[in-house]
Amino acid sequence: MMMDKKQEVESLLHEWRAKFASFGKEFEVDESIDNLVKSFVELLALPQGARKNELKRFQSGFEEKYGTDARVSLCQLIIFSLFCENEEKIDYQNLPDGVVEYIKEDFVRAIKIATQGNDKILTVNNTIYNSYVEVMSFIRFPIGNQSVVVAGFSRSVIRLQSPLKMISFMRLLFSCGGNYPLYELHYNPHRMRSFNPEGWQTVMRLGAELLKLRPAIKGIFAGAWFFDPALKDISPELSYLRELIFEVGGMIFFTGSNEQAITNAFAMSKIRKTAFEKGRYNPANYLAIIPRKTLLKHFKI
Numbered sequence: 288m289m290m291d292k293k294q295e296v297e298s299l300l301h302e303w304r305a306k307f308a309s310f311g312k313e314f315e316v317d318e319s320i321d322n323l324v325k326s327f328v329e330l331l332a333l334p335q336g337a338r339k340n341e342l343k344r345f346q347s348g349f350e351e352k353y354g355t356d357a358r359v360s361l362c363q364l365i366i367f368s369l370f371c372e373n374e375e376k377i378d379y380q381n382l383p384d385g386v387v388e389y390i391k392e393d394f395v396r397a398i399k400i401a402t403q404g405n406d407k408i409l410t411v412n413n414t415i416y417n418s419y420v421e422v423m424s425f426i427r428f429p430i431g432n433q434s435v436v437v438a439g440f441s442r443s444v445i446r447l448q449s450p451l452k453m454i455s456f457m458r459l460l461f462s463c464g465g466n467y468p469l470y471e472l473h474y475n476p477h478r479m480r481s482f483n484p485e486g487w488q489t490v491m492r493l494g495a496e497l498l499k500l501r502p503a504i505k506g507i508f509a510g511a512w513f514f515d516p517a518l519k520d521i522s523p524e525l526s527y528l529r530e531l532i533f534e535v536g537g538m539i540f541f542t543g544s545n546e547q548a549i550t551n552a553f554a555m556s557k558i559r560k561t562a563f564e565k566g567r568y569n570p571a572n573y574l575a576i577i578p579r580k581t582l583l584k585h586f587k588i
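When we follow our numbering, the leftmost residue of the sequence shown carries the number 288, and every step to the right adds one.
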């Protein structure tokens with residue numbers, strides 16, 4: 288199937304290269320398409336805080352050279368190029384079998400998105416688009432309803448903790464061996480159906496298998512509203528998300544409340560919104576951290 292898909296994409300790549308070249312001629316620009324793809328992928332490898340502005344500069348500079356109409360073509364071209372360049376490399380990335388299968392699914396899904404030509408998604412500042420490019424560049428690894436990228440958590444979280452929690456945070460930091468590099472979890476919206484207790488177990492198990500093959504990575508962390516202990520009473524059906532973190536040897540720390548936490552908590556629940564309006568619930572973000580050795584020990588890997 289992947290071989291047939293590659294032949295199809297190679298044809299699309301040839302077509303889109305010609306289309307993109309026409310934009311360059313119109314604006315009298317002679318620039319290597321391969322260099323554009325490489326430059327964009329390098330930006331996605333930057334730390335989250337640094338890359339947002341760099342991506343804006345990249346898009347502004349590109350549109351200034353080629354015009355705004357060329358943006359969608361560039362984004363399509365990047366996906367087609369990465370598919371043709373990296374599809375045969377998937378099986379040689381030293382990854383767990385389950386992760387390999389998810390990556391292959393995402394390669395095919397990315398082509399579908401590119402050929403549909405949705406101009407809201409096909410932009411270098413779109414989170415969904417960037418996540419697919421990261422998977423196709425082996426920067427991001429899908430592990431079920433979550434995916435992971437290399438990142439680090441802030442030590443300043445300790446300032447928000449009680450004295451006992453401060454001690455726990457320092458012990459956990461020591462257990463991890465530092466706050467970087469770890470794998471940071473990110474939600475995969477296209478795998479919403481597996482957002483359940485079994486799916487969460489899959490995330491942890493594949494995360495452990497991935498850590499086994501990446502000895503330099505110190506553990507896994509994630510920041511989210513659904514680690515809030517208040518959900519035990521408000522949304523008990525989500526308690527498994529928090530409980531499994533402790534079960535595999537992780538810890539959870541309060542990081543504060545903000546508009547994003549409130550928006551995310553209300554996105555799929557009128558019950559949580561009603562509880563907030565009645566003063567019974569105030570959504571807050573929490574940081575979950577799992578040291579590699581405790582996760583590997585839990586799964587006996």
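Using N, Cα and C, we set each Cβ at its ideal position, and we do this for glycine too.
Between the segment 335-350 and the segment 374-385, the count of Cβ pairs shorter than 8 Å is below three; the stretches do not touch.
Per DSSP, His-473 is one residue of the beta strand (DSSP E) stretching across 469-474.
Membership of Phe-540 in the beta strand (DSSP E) is indicated by the continuous run 538-543.
Secondary-structure assignment with DSSP links Val-296 through no beta bridge to anything.
Per DSSP, Ile-507 is not a residue of any alpha helix (DSSP H); the beta strand (DSSP E) it occupies stretches across 506-511. Per the Cβ contact rule, the segment 411-419 is not in contact with the segment 491-510 (fewer than 3 Cβ pairs under 8 Å).
Look at Phe-533 here: in three-state DSSP terms it is helix. With at least 16 other beta carbons inside 10 angstroms of its own, Ala-401 counts as buried.
One alpha carbon belongs to Ile-558, the other to Glu-329, and they sit about 43 Å apart. By the beta-carbon neighbour count (other beta carbons within 10 angstroms, threshold 16), Leu-493 is buried. Annotation: the continuous beta strand (DSSP E) that includes Tyr-573 extends over 572-578.
DSSP links Ser-434 through a beta bridge to Pro-429, His-473. By the Cβ criterion, the segment 567-580 is in contact with the segment 536-546, since at least three pairs of Cβ atoms, one from each stretch, lie closer than 8 Å. Ranked by Cα distance from Leu-472, the options Ile-430, Trp-512, Ile-366 are led by Ile-430.
If you check the CB distance, Ile-426 and Val-436 come in under 8 Å.
Only residues of its own chain outside the window of five on either side were considered, and among them Phe-425 have a CB closer than 6 Å to the CB of Gln-380, listed in chain order. Between the segment 522-538 and the segment 577-585 there are three or more inter-stretch CB-CB distances shorter than 8 Å, so the stretches are counted as touching. For Phe-367 against Phe-345, the beta-carbon gap comes to about 19 Å, at or over 8 Å, which does not count as contact.
Every alpha helix (DSSP H) stretch that sits fully inside the segment 440-469 and reaches 4 residues is listed by chain position as 450-463. Each residue's CA atom was taken as its position, placing Ser-449 and Glu-496 some 34 Å apart. In the three-state DSSP reduction, Phe-482 falls in the coil class, being neither helix nor strand.
Counted as a single uninterrupted DSSP element, the stretch harbouring Val-411 is not any alpha helix (DSSP H), since DSSP gives it neither H nor E. Excluding its 5 nearest sequence neighbours in each direction, Ala-562 has C-beta neighbours in its own chain below 6 Å: Ile-521, Tyr-568, listed in chain order. In this structure, Leu-369 keeps its C-beta atom at 8 Å or more from the C-beta atom of Met-457.
Taken atom to atom, the span from the alpha-carbon of Lys-399 to that of Thr-550 is near 29 Å. Here Leu-323 really is in contact with Leu-361; their C-beta atoms are around 7 Å apart, less than 8 Å.
In this structure, the beta-carbon distance from Phe-513 to Leu-525 falls below 8 Å.
When the Cα atoms are used, Ala-554 and Asn-475 turn out to be separated by approximately 15 Å. In the DSSP assignment, Phe-349 falls within the alpha helix (DSSP H) that extends over 335-353.
Here the C-alpha atom of Val-411 lies approximately 23 Å from the C-alpha atom of Asn-432.
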